[in-house]
Amino acid sequence: MTAIAPPPVGPDWKVWARQLSAFLSRSLVRLQFKTQNDTAAEDGVMLWDGVDGYPVVSKDGVWRQLVMADGYAEFVKTTTVTAAAVNTPYAITMDMPLFDNGIHLGTPASRIVFDEGGVYLLAFSAQILATSANAIEFNFWPRLDGADVPFNRITTNTKANGTTTVVSRSIAFTISAGSYIEVIWQVDDLSGQLVATPAATLPSAPSVTLSITRIRA
743 MTAIAPPPVG
753 PDWKVWARQL
763 SAFLSRSLVR
773 LQFKTQNDTA
783 AEDGVMLWDG
793 VDGYPVVSKD
803 GVWRQLVMAD
813 GYAEFVKTTT
823 VTAAAVNTPY
833 AITMDMPLFD
843 NGIHLGTPAS
853 RIVFDEGGVY
863 LLAFSAQILA
873 TSANAIEFNF
883 WPRLDGADVP
893 FNRITTNTKA
903 NGTTTVVSRS
913 IAFTISAGSY
923 IEVIWQVDDL
933 SGQLVATPAA
943 TLPSAPSVTL
953 SITRIRA
């Protein structure tokens with residue numbers, strides 16, 4: 743690790759003591775930079791990884807990233823979404839995020855791209871509406887890098903005409919740096935919609951919300 747040398751001893755010990763005190767007050771609050779010669783053989787050593795730009799700590803023989811206040815976002819869809827065909831998967835195109843750090847919209851805007859890898863908690867909700875009395879089945883599921891993710895589909899049904907219901911689920915994903923995720927939906931009747939509610943006497947409501955938080959590196 744790169745060590746910062748203390749001030750040299752001069753002829754005046756009082757001056758040196760003041761310089762040493764000032765040096766320690768500055769240096770003890772800084773992490774030393776990790777070099778290629780540093781090993782994680784001893785647990786509990788904390789260093790700054792200048793290449794990747796985050797602190798690391800040694801544990802069980804490896805350097806583990808300490809998660810900082812980045813890797814979070816909240817995306818919404820502020821307009822009503824309708825399907826062009828029944829039983830056809832569609833990726834939901836999100837609006838610009840309400841806030842984001844380390845996560846952004848890709849191209850197309852249905853892709854949510856992650857700058858850093860880690861374990862992320864995704865909280866999804868959709869406001870569904872039936873505009874007919876038909877029994878309508880809605881399905882939602884995630885795609886990671888273009889592949890459907892198993893065991894994470896949400897299926898719900900609505901029957902009453904004009905009934906609005908909110909469906910939601912929170913799931914955790916291990917995601918690599920540069921990967922992207924999409925929210926897919928499908929409906930078996932075109933009178934089923936993902937409905938946004940404009941502001942009136944009450945605040946507006948989005949048709950879809952996706953909140954993302956990185957919980958570990």
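Numbered by my numbering, the letters in the sequence shown go through residues 743 to 959 in order.
Glycine included, every Cβ here is placed at the ideal spot set by N, Cα and C.
Cβ neighbours of residue i in the same chain (closer than 7 Å, five flanking residues each side left out)
i: V828; result: V929, D930, D931 and L932
i: D887; result: S921 and Y922
i: P850; result: T835
Close Cβ partners of residue i (< 6 Å) along its chain, the five nearest in sequence each way excluded
i: D791; result: K776 and V798
i: I926; result: P831, A833, W883 and R885
i: S953; result: E816 and A865
Reference residue i; option with closest CA among the options
i: I845; options: L863, T830, A833 and Y832; result: L863
i: G859; options: Y814, G795, P839 and S918; result: S918
i: P884; options: P940, T939 and P831; result: P831
i: A783; options: S800, E879 and T955; result: S800
i: T906; options: G920, S874 and D890; result: S874
i: F856; options: G803, A947, G920 and Q778; result: G920
i: V950; options: V891, T781, A942 and V909; result: V909
i: R956; options: F915, T943, P945 and A941; result: F915
i: D802; options: R760, D785 and V793; result: D785
i: I878; options: D890, T897, P892 and A889; result: T897
i: D780; options: V804, V861 and V891; result: V804
Contact belief for residue i with residue j at Cβ below 8 Å, rounded distance in angstroms
i: I923; j: I854; result: 5 Å
i: Q774; j: A959; result: That belief does not hold up - the Cβ atoms of Q774 and A959 are roughly 20 Å apart, past 8 Å.
i: V861; j: D837; result: Not confirmed; about 26 Å, so no contact.
Residue burial classification, residue i (beta-carbon count within 10 angstroms, cutoff 16)
i: A868; result: buried
i: I870; result: buried
i: L847; result: buried
i: A759; result: exposed
i: P839; result: buried
i: F880; result: buried
i: P948; result: buried
i: A826; result: exposed
i: A872; result: buried
Close beta carbons around residue i, own chain, < 8 Å, minus the five adjacent residues each side
i: N876; result: K901, D931 and S933
i: A889; result: none
i: S852; result: A833, I834, T835, M836, E924 and V925
i: N894; result: W883, P884, R911 and I913
i: S946; result: T820, A938, T939 and P940
i: K756; result: none
Minimum Cβ-Cβ distance from residue i to chain D less than 8 Å
i: P839; result: Here chain D cannot be found, since the structure has a single protein chain.
Q) Any chance the region 813-825 sits against the region 932-944, with 3 or more Cβ pairs inside 8 Å? A) yes
**Prompt:** Is the region 782-791 close to the region 893-906, with three or more CB pairs under 8 Å?
**Reply:** no
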